[in-house]
Amino acid sequence: MKTRIGVLTAGRDCAGINSAIQWITYSALDKDLVPVRGMMFEVIGILDGWKGLIEVKPEKKESLKRWTVSLDSNLVRTWDRSGGTRLGTSVINPFDPKKDQAGLIIENMKKLGLEALVVIGGIDNLGAAYKLFREGVKVVGIPKTIDKDLSETDYTLGFDSAVNWITEDIDRIRVTAGSHSRVFVVETMGRKAGWLALEGGEASGAAVTLIPEHDFVMERVAELLVKRKKEGKRYSIVLVAEGAKPRGMHEVLERRGQDGFGRVYLGGIGGFIAENLEKHTNLEVRYVALRHLQRGGSPTAYDRRMGRKYGIAAVDMIANEDFGRMVSLKQGEITTVPMKKALDQLSLVDVEKFYNTMYYRSKDQIL
Ligand code: F6P
256 MKTRIGVLTA
266 GRDCAGINSA
276 IQWITYSALD
286 KDLVPVRGMM
296 FEVIGILDGW
306 KGLIEVKPEK
316 KESLKRWTVS
326 LDSNLVRTWD
336 RSGGTRLGTS
346 VINPFDPKKD
356 QAGLIIENMK
366 KLGLEALVVI
376 GGIDNLGAAY
386 KLFREGVKVV
396 GIPKTIDKDL
406 SETDYTLGFD
416 SAVNWITEDI
426 DRIRVTAGSH
436 SRVFVVETMG
446 RKAGWLALEG
456 GEASGAAVTL
466 IPEHDFVMER
476 VAELLVKRKK
486 EGKRYSIVLV
496 AEGAKPRGMH
506 EVLERRGQDG
516 FGRVYLGGIG
526 GFIAENLEKH
536 TNLEVRYVAL
546 RHLQRGGSPT
556 AYDRRMGRKY
566 GIAAVDMIAN
576 EDFGRMVSLK
586 QGEITTVPMK
596 KALDQLSLVD
606 VEKFYNTMYY
616 RSKDQIL
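According to this note's numbering, numbering within the sequence shown proceeds without interruption in unit steps and concludes at 622.
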């Protein structure tokens, strides 16, 4: 008898997810591991995240084809090279108080014969997965988000690729900024956590980095840039996370409304800063929001490798009946942690430890 497991990717896409799906499939279907694990698996990919488990009509062939796919080694062979998620995703909260669909998900999982579910998600979707676990579903989680804001793990899939794209994009911006002697404000993602901006800033040598964890003073940013100009620096890059804000102000919103988990849509702080800097200095300022450019693209070697490790570990967890837990990287080793613990709080930049609040950049002293 084969144990049928489901895999779904929920929330925003990122690089490294496909490698995880590939290795879940490889590991689950590895015949050499059958005697070791004492069980055989079958892997079903659920399309478009929770939406697939909500919409599927398991008794209808056409619907099964639309919302599920049987994963085998041949199908997933090249998936590790591509970014995004080959299974598709959606931003749907199954526990939305206005329309609770958890019951339907549980019923459909039963009808599909799914004995366990691997959820590849960030804080909101692993939160939903944990609630399902509490309702009796055998769930394991894989952390992914370019924001790297999940706690209880040192790594979330997608982060390294995103930092690499930020670095590459800034390399391009630097060229034109230097030619024209301009200041460029570059906006990264990062709602509450400034890791993308901070580590992108370290990698690209940004002059100023603004993060959500520390409210900045606009006049001080202007002062730092004017000082650089006086020192003879031709151009400056200001890196700002979408969730950063000037002291005493709210985040800048890209548009109205909220997503399925009640989160507002951030975006535009870079433009706001650029406009203000031009008003308060004699500098010529331009603004670029990297938005989804930093989330797309093929995964770096690190994300492919981490996808592999997390994917294999997720199958090990199912074989070991280690449910309600998330795969995690801690001090260089793959381990598992209770999902609940990972969801209790976000992993934010420790300002005291990592951020220079005087110069708005990473700490200058490490030891
Ligand atoms: O992956 C999380 C995130 O990168 C946030 O930083 C950002 O606010 C959000 O995704 C935007 O996603 P979308 O525009 O796809 O809704």
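Glycine included, C-beta positions come from ideal geometry on N, C-alpha and C.
Around the Cβ of P398, a 10 Å sphere holds 16 or more other Cβ atoms; the residue is buried. For the pair F578 and D379, the CB atoms are not nearer than the 8 angstroms cut-off. Of the heavy atoms belonging to the ligand F6P, at least one sits nearer than 7 angstroms to the Cβ of L521. Within the stretch 285-318, the complete beta strand (DSSP E) runs of at least 3 residues fall at 295-301.
If you ignore the 5 residues before and after D355, its C-beta comes within less than 8 angstroms of the C-beta of P349, all in its own chain and listed in chain order.
Between R336 and the set A556, M256 and D571, the nearest pair of CA atoms involves A556. A straight-line Cα-Cα distance of about 8 angstroms links A265 and I347.
Contact between V418 and A458 holds: their C-beta atoms lie close to 6 angstroms from each other, under 8 angstroms.
D619 and G487 have their C-alpha atoms roughly 21 angstroms apart. Annotation: the continuous alpha helix (DSSP H) that includes G456 extends over W450 to S459.
Secondary-structure assignment with DSSP links L465 through a beta bridge to V495. Less than 8 angstroms divides the Cβ of L521 from the Cβ of R446. A Cβ-Cβ distance of about 6 angstroms is found for the pair G413 and D558, placing them in contact under the 8 angstroms criterion. Straight across, the Cα-Cα distance linking M581 with K500 is about 32 angstroms.
As computed with DSSP, E588 is found in a beta bridge with K585. D415 and E423 have their C-alpha atoms some 12 angstroms from each other. In this structure, the beta-carbon distance from E297 to R259 falls below 8 angstroms.
Boundaries of the alpha helix (DSSP H) around F388: I378 to R389. Counting along the chain, I425 sits inside the alpha helix (DSSP H) bounded by residues F414 to H435. In the DSSP assignment, Y565 is bridged to no other residue. Assigned with DSSP and collapsed to three states, E509 falls in strand. In this structure, DSSP gives Y557 a helical state, which the three-state scheme calls helix. Taking 8 angstroms as the cut-off, the beta carbon of I360 is found closer than this to the beta carbon of W305.
Judged by beta-carbon spacing, A275 lies beyond the 8 angstroms limit of M594, meaning their Cβ atoms are not closer than that value. Three or more Cβ pairs closer than 8 angstroms define a contact, and the stretch 462-477 falls short of that threshold against the stretch 420-436.
For A529, the uninterrupted alpha helix (DSSP H) run begins and ends at I524 to H535, by DSSP. Here DSSP, grouped into helix, strand and coil, assigns G261 to strand. For the options R267, V262 and Q277, the alpha carbon positioned closest to that of M561 is the one of Q277.
DSSP, reduced to helix, strand and coil, places S337 outside both helices and strands of the structure shown, so it counts as coil.
Per DSSP, S325 is one residue of the beta strand (DSSP E) stretching across T323 to L326. Here DSSP, grouped into helix, strand and coil, assigns L342 to coil.
When I272, R483 and R475 are compared, the shortest CA-CA separation from R502 is found for R475. Using a 10 angstroms sphere on the CB of I621, the tally of other CB atoms stays under 16, which defines it as exposed. Proximity to V324 across L308, L302, K316 and G526 peaks at L302, based on C-alpha coordinates.
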